[in-house]
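Visitor:
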Amino acid sequence: MHELSVAMEVVELVTARAAGARVKRVVVEVGALAAILPDALAFSFQVASDGTSAAGAELQIIERDAQGRCRSCQRESAQRDILASCVCGERNFDWLSGAELKIREMEIV
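The sequence shown runs 2 to 110 under the numbering used here.
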């Protein structure tokens, strides 16, 4: 379960940025190709934040579609799955986005 290592990194980054202030909320953006299970990330965040200034913080996860360009017809489209099909029937994409994991914002008190 790599979500735990991802959650630990998120906690480390936000607590460092908070500089001792209590973290109330963290918003992360996860691409469809990032291989992150949102429920597992949320659970792991609660575990990883225990005993830190982010303990009890709300984790808001925004899931984003991947953007791909079909290598056959060159059509760009939003996709939710690496095994998705283009409208032309092909499953051969150049992925333009979708593997990212970004901390979008955090709220401290």
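Using N, Cα and C, we set each Cβ at its ideal position, and we do this for glycine too. All figures in this text were calculated on a predicted structure; none of them were measured in a lab.
Would you check if the distance between the CB atom of residue 32 and the CB atom of residue 67 is smaller than 8 Å?
Guide: Yes, they are a contact pair.
Visitor: By the 10 Å Cβ neighbour count, where 16 or more other Cβ atoms means buried, how is residue 74 classified, buried or exposed?
Guide: Classification of residue 74: exposed, given that the 10 Å Cβ count is below 16.
Visitor: So, with DSSP's three-state summary, where would you put residue 110?
Guide: In this structure, residue 110 counts as coil in the three-state DSSP scheme.
Visitor: From residue 77 to residue 3, what distance separates their C-alpha atoms?
Guide: Going by the C-alpha atoms only, they are around 30 Å apart.
Visitor: Which first and last residues belong to the alpha helix (DSSP H) in which residue 31 is found?
Guide: Here residue 31 belongs to no alpha helix (DSSP H); instead the beta strand (DSSP E) covers 24–32.
Visitor: Should residue 15 be labelled buried (16 or more other beta-carbon atoms within 10 Å of its own) or exposed?
Guide: It is buried - the Cβ of residue 15 has at least 16 other Cβ atoms within 10 Å.
Visitor: Throw me the rounded Cβ distance for the residue 46 and residue 11 pair, which I believe falls under 8 Å.
Guide: Right, their Cβ atoms sit about 7 Å apart.
Visitor: Counting only the same chain and skipping the five closest in sequence on each side, list residues whose C-beta sits under 8 Å from that of residue 72.
Guide: 91, 93, 94, 95, listed in sequence order.
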